[in-house]
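Heads up: the structure comes next, in structure tokens.
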Amino acid sequence: MRRTIGFQVTTATGLCMAILLLLLVAETLYAIDRANDSADWATQEAMTLNIGDFDAQLEAISNQLMLTGTTVPQLSTLPILGNNARFFAEQDIFNRLYSLLGLYDDVVAFFVFEPQSEYLFEIHSFERYIAGKRQAALQTFLLANPYGDDIAFLGTWTPVQADGEWYLLCLYRYNRVYLSACISVEILAEGLREQRFYEDGLIFLADSAGTPLHATEEAEALGINLSRTGSWSFSGPNGSYRALAKSFGNSNIHIVYARPVAGFWHSLDTFQRVWLIAAVLSVLILIPWTLSVLRRVVLLPLRELSVAIARIGSRSLDYRITSGGGSAELQEIFSAFNQMSTQIERLQEELREKGREEQRLMIANLQHQMRPHFIVNTLNLIYNNTYTGNDELIRKVIEHLTSYLRYTLHSDRAIVPLHREISYIRDYLEIQRCYYQDMLFYSLDVDPACEEIPTPCLLLTPLVENCIKHGFHRQGPTQVDVSCTLSPGGNRLWISVRDNGEGFSEEALKKIEQEESVSQRESLHIGLWNVRRRLELIYGEQATFRAGNLPEGGAEVTLSFPCRPDSSINGTKLARGLDREGIQRP
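What follows is the structure, given as structure tokens:
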């Protein structure tokens, strides 16, 4: 079942359609991936811009804190100043820092404090006043001096937690007095969420350890790893997500943006969905339609031709192909097949009526050309290449096969010009070359003066077939060489057919030399005996036939006969005045 042409064509068609569909899906996935990459790039650009702005804001606030600390001399002694002096100093600090509250929305307050005396002076706007419990917790944190004398803690923006809320603090110490700025992480995150770049996903701010600084419950529910940086994909409770993370330059936090990634179908726009549905429907329609066309145009005619060849092989010579064929090439092959069958049947009838051995040999040669294995192998070669798309090879094989079969239509003529016989051999060898590829090479060396010499029809075919049949019994490619030359006097034609195979066995040479006539089952070289016998019937003692082995390896058959034989030799009528198509002129 798997070796039938129908199964192979069906399988190949299905595979081609499946590959086309997979390529379409792959192209769509690639387009979706490119779209995701573009979205990632745009998001990264937005994040870079936001981080740059925020880093510039932090640097400006830090610079203002340092400027205030260096230009207000009373700052380091503020807790011990008198009431009036302290009031004016606090007013000076207030004027310097309050303007920053209007510039930066996420700055909630500035603090001047001294933990030992529990002195604390706070600067804030009414809109961002830290109310009640949260303010007390932040003030308690500051006065508790958790940073001690850690110099590394000073001058850096560090996330701290007070009453469940996270803030960014930057402290500068002047003697025992600290000047600090406080930024609300929640307000910072809200500002980021309002930007259109992040409207499709979730924004998280985390410290270097991956601790969420806000939206803790959302981060835990999403299952995102906030300690990572760069870009990555992960699975959340509601599908797949794409995450991007970048670190701030002037603080120990980083921003993480997670956006949902739609599934394959939901990632397609309307046009892509329509295109994909149309492609699938086209494949589902094209597969049965293509198989139907192949069955009607190729498979059924091939099956009928195979049946016809088998019937002819079983000697049912009255069988004819009645269908018209699925294509012009097959119609021509069917027509040639029917004409060839008619010729075989007529020759067989003549053989029964006349009983001449020459006609029996001609029928044997015709039936030899009709051997199913050669034609079936050739047809299999054609149709095995129908689904590989090798149209050039198919056209070449059909061209030579058509010429090969057309020649046999005139093979009932005893004599044809040598160039017609050589052309027939070339068609046969070209078909074999298409089948064996680089394992077969040949050369046809014909003297132009020999082309019109009358030659027995189908004389060289058994010799060339013998070279191919036995030449492949050795390793490496097979070489077949045919040469045709005139004798020095120009009155005889010499033909040499040689190969590079294993050569003749001693038993085969002995039988050929003794002119033994054996059946095909008893000898693989009955074709050589037929050639020798035909030469004897047509030319008598004027013909020569020699078979032997070459010193360098391989077999060689050499034969010769007169260029212009008598009009009747041994009762065989020879055709005169042949045109180039091998048809006798009136």
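At the far end of the sequence shown sits residue 613, using the numbering used here, and the numbering has no gaps. Glycine included, C-beta positions come from ideal geometry on N, C-alpha and C.
Where residue i sits in the DSSP three-state scheme
i: residue 108; result: coil
i: residue 489; result: helix
i: residue 616; result: Residue 616 lies beyond the residue range present for the chain, which begins at 28 and ends at 613; the question has no answer from this structure.
i: residue 253; result: coil
i: residue 285; result: strand
i: residue 158; result: Bear in mind that a pLDDT of 49 at residue 158, under 50, signals an unreliable position, so the number given afterwards is only what the model happens to contain. Of the three classes helix, strand and coil, the one that applies to residue 158 here is coil, per DSSP.
i: residue 478; result: coil
i: residue 594; result: Here residue 594 scores only 39 on pLDDT, less than 50, and its place in the model is too uncertain to base an answer on.
i: residue 533; result: helix
i: residue 99; result: coil
i: residue 240; result: coil
i: residue 347; result: coil
i: residue 181; result: coil
i: residue 588; result: strand
i: residue 499; result: coil
i: residue 222; result: coil
i: residue 541; result: coil
i: residue 235; result: coil
For residue i, the first and last residue of its enclosing alpha helix (DSSP H)
i: residue 334; result: 327-340
i: residue 621; result: With the chain covering only 28 through 613, there is no way to say anything about residue 621.
i: residue 208; result: Element bounds for residue 208: not the alpha helix (DSSP H) but the beta strand (DSSP E), 204-211.
i: residue 450; result: 445-463
Delimiting residues of the beta strand (DSSP E) encompassing residue i
i: residue 573; result: 571-576
i: residue 482; result: 481-483
i: residue 507; result: 505-513
i: residue 139; result: 134-141
i: residue 201; result: 192-201
i: residue 415; result: From DSSP, residue 415 is part of no beta strand (DSSP E); its letter is neither H nor E.
i: residue 188; result: 185-189
i: residue 471; result: 467-473
Residues near residue i in its chain [Cβ-Cβ closer than 6 Å; skip 5 each side]
i: residue 636; result: Residue 636 falls outside the range modelled here, since the chain spans only 28 to 613, and no answer is possible.
i: residue 220; result: 230
i: residue 367; result: 435
i: residue 466; result: 504
i: residue 545; result: Confidence in residue 545 is poor, its pLDDT being 46 and thus under 50, which makes the residue's placement too unreliable to answer from.
i: residue 460; result: 467
i: residue 411; result: none
i: residue 570; result: 562 and 588
i: residue 44; result: 310 and 314
i: residue 317; result: 40
Close Cβ partners of residue i (< 7 Å) along its chain, the five nearest in sequence each way excluded
i: residue 549; result: Residue placement at residue 549 is flagged as unreliable, the pLDDT there being 43, under the threshold of 50; the coordinate-derived value follows with that caveat. No residues qualify anywhere along the chain.
i: residue 234; result: 186, 240, 279 and 280
i: residue 365; result: 347 and 348
i: residue 181; result: 198, 199 and 200
i: residue 39; result: 414
i: residue 101; result: 108, 112 and 116
i: residue 81; result: 275
i: residue 257; result: 272
Cross-strand partners of residue i (DSSP beta bridge)
i: residue 230; result: 284
i: residue 267; result: 262 and 288
i: residue 525; result: 508 and 583
i: residue 273; result: 282
i: residue 169; result: DSSP, once it has assigned bridges, lists no residue as partnering residue 169.
i: residue 520; result: 513 and 588
i: residue 442; result: 483
Proximity test, residue i beta-carbon vs the ligand PLP heavy atom, cut-off 8 Å
i: residue 229; result: For the ligand PLP, the structure offers nothing, since it holds no ligand at all.
Cβ-based neighbour list, residue i, same chain, cut-off 8 Å, excluding 5 preceding and 5 following
i: residue 617; result: Outside the displayed span of the chain (28 to 613) sits residue 617, for which this structure offers no information.
i: residue 421; result: 409, 412 and 413
Stretch pair the segment 518-527 + the segment 580-592: three plus CB contacts closer than 8 Å: Contact annotation: the segment 518-527 touches the segment 580-592, with at least three C-beta pairs closer than 8 Å.
Any 3 or more C-beta pairs closer than 8 Å across the segment 468-482 and the segment 508-516: yes
Any 3 or more C-beta pairs closer than 8 Å across the segment 399-412 and the segment 335-342: yes
Inter-stretch contact at 8 Å, needing at least 3 Cβ pairs: the segment 196-211 / the segment 126-141: Counting Cβ pairs under 8 Å, three or more are found: they touch.
At least 3 beta-carbon pairs within less than 8 Å: the segment 115-128 vs the segment 144-152: Cβ pair count under 8 Å is three or more, so yes.
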